[in-house]
Amino acid sequence: MTIFTGKTEAAAIEAGLAALNSRRDQVITKVVTAPRKGLFGIGRRDAMVDVVLKPVAAASAAAKQPVAAKPSSTVVKPVQRAKAQPAPVAAQPTTEPATEPTVTPEERREQREAAVEAVQDYLANIVEQLGIDATLDVENTAHRQVRLEFTTDKEGLLIGKHGRTINALQSLGQLFLNHHGAAHVDLELDVAGYRERRAATLVRLAESTAREVVATGKPIYLDPMPSFERKQIHAVLAKNRHVTTYSAGKEPHRAVVIEPA
């Protein structure tokens, strides 16, 4: 395969035509990877196109030449041909399966620490572009969880309506970790104790909604919320024998449904 890249499929094909010094009708193209813009630069990739020349047509057979007649007095003796010996079969090289490099616990720890430092710079840059003056510190670090704390005078602006801004930043930060070798690490962002207040609100919401469902006998759909908040609702009502919970809809509009058991 002859792979050429570009920001678009057309750009990748043009790169292939220039390298092969050919016209568009002289090549065969096959898209290997479609381009993707990504989100805030995360997940972006260029197009990859296989560009090869079309096979040249086989040359026409040579014209037959007339053979001069030999005198009748000449006797042609048949030529004894040696028997063709079968060509020796080349030994096939043995290939061993490729083994993936082993990552030591120390290397994995260093990779995780580098990703956590990088995501702080990434999020701080986004907040600065939003016009919010804030500092970001590591509040708590566990084996599979990192909690980052914002400090700012514009707490309400950073949290956003119903926590939409801080939740969006947390989603971007999680995507960043996933693409920088720390996909096993869960990220939590907080500002001014918002997460603790929100958790208490979700507990009250779950319990009051469950009582209403039992009283009316009808299911209730809660407002859409991120997956980590839906998990809190499910956990609060997991031992309630009178109701059941499940999530419905598609992201980002997926919501918890509470219905009679």
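Under the numbering used here, the letters of the sequence shown match residues 1 to 261, in that order. For each residue, glycine too, the CB sits at the ideal point set by N, CA and C.
Since residue i and residue j are thought to touch, with beta carbons under 8 Å apart, how far apart are those beta carbons, to the nearest angstrom?
{"i": "Asp190", "j": "Glu139", "result": "7 Å"}
{"i": "Arg147", "j": "Glu188", "result": "5 Å"}
{"i": "Ala182", "j": "Gln111", "result": "7 Å"}
{"i": "Gly173", "j": "Leu123", "result": "5 Å"}
{"i": "Leu237", "j": "Ala210", "result": "6 Å"}
{"i": "Ala255", "j": "Met225", "result": "7 Å"}
Helix, strand or coil: how does DSSP classify residue i here?
{"i": "Leu131", "result": "Here residue 131 is Gly; the residue named in the question, Leu, does not match the sequence. It is coil, neither helix nor strand."}
{"i": "Arg147", "result": "strand"}
{"i": "Asp137", "result": "strand"}
{"i": "Thr152", "result": "strand"}
{"i": "Lys218", "result": "coil"}
{"i": "Arg36", "result": "strand"}
{"i": "Thr102", "result": "coil"}
{"i": "Ala59", "result": "With a pLDDT of only 35 at Ala59, under the threshold of 50, the placement of this residue in the model should not be trusted; the figure read from the coordinates follows. Coil, per DSSP."}
{"i": "Val67", "result": "Because Val67 carries a pLDDT of 43, less than 50, the predicted location of this residue cannot be relied on, and the following value inherits that uncertainty. Coil at Val67, not helix or strand."}
{"i": "Lys30", "result": "strand"}
{"i": "Ala206", "result": "helix"}
{"i": "Glu117", "result": "helix"}
{"i": "Ala124", "result": "helix"}
{"i": "Glu251", "result": "coil"}
{"i": "Lys161", "result": "helix"}
Provide the residue span of the beta strand (DSSP E) that contains residue i, from first to last.
{"i": "Gly6", "result": "Ile3 to Gly6"}
{"i": "Glu259", "result": "Ala255 to Pro260"}
{"i": "Ala47", "result": "Ala47 to Leu53"}
Closest to residue i by CA distance: which of the options is it?
{"i": "Gly193", "options": "Ala210, Ile166 and Ala206", "result": "Ile166"}
{"i": "Lys250", "options": "Pro260, Glu9 and Asp223", "result": "Asp223"}
{"i": "Arg108", "options": "His184, Lys231 and Thr201", "result": "His184"}
{"i": "Leu158", "options": "Ser247, Val127, Glu188 and Glu9", "result": "Val127"}
{"i": "Thr29", "options": "Val257, Ala10, Glu188 and Arg36", "result": "Ala10"}
{"i": "His180", "options": "Leu123, Val119 and Gly160", "result": "Val119"}
{"i": "Asp46", "options": "Ile3, Lys231, Ala18 and Ala255", "result": "Ile3"}
{"i": "Thr33", "options": "Gln26, Ala18, Ala210 and Ala12", "result": "Ala12"}
{"i": "Gly163", "options": "Gly173, Asp133, Ala134 and Arg198", "result": "Arg198"}
{"i": "Leu130", "options": "Ala114, Thr102, Thr141 and Leu169", "result": "Leu169"}
{"i": "Pro55", "options": "Pro35, Arg36, Val31 and Gln26", "result": "Gln26"}
{"i": "Glu259", "options": "His253, Glu207 and Met225", "result": "Glu207"}
{"i": "Ile132", "options": "Val116, Phe150 and Glu196", "result": "Phe150"}
Could you check where the alpha helix (DSSP H) with residue i kicks off and where it finishes?
{"i": "Leu187", "result": "No alpha helix (DSSP H) holds Leu187; the beta strand (DSSP E) holding it covers Asp186 to Val191."}
{"i": "Ser247", "result": "Careful: Ser247 lies outside any alpha helix (DSSP H), inside the beta strand (DSSP E) at Val243 to Ala248."}
{"i": "Glu14", "result": "Glu9 to Leu20"}
{"i": "Ala182", "result": "Ala182 -> no alpha helix (DSSP H), and no H or E assigned at all."}
{"i": "Lys231", "result": "Ser227 to Val236"}
{"i": "Gln170", "result": "Arg164 to Asn178"}
Counting beta carbon pairs with one atom in the segment 48-55 and one in the segment 15-35, are three or more of them shorter than 8 Å?
yes
At least 3 beta-carbon pairs within less than 8 Å: the segment 212-227 vs the segment 139-159:
no
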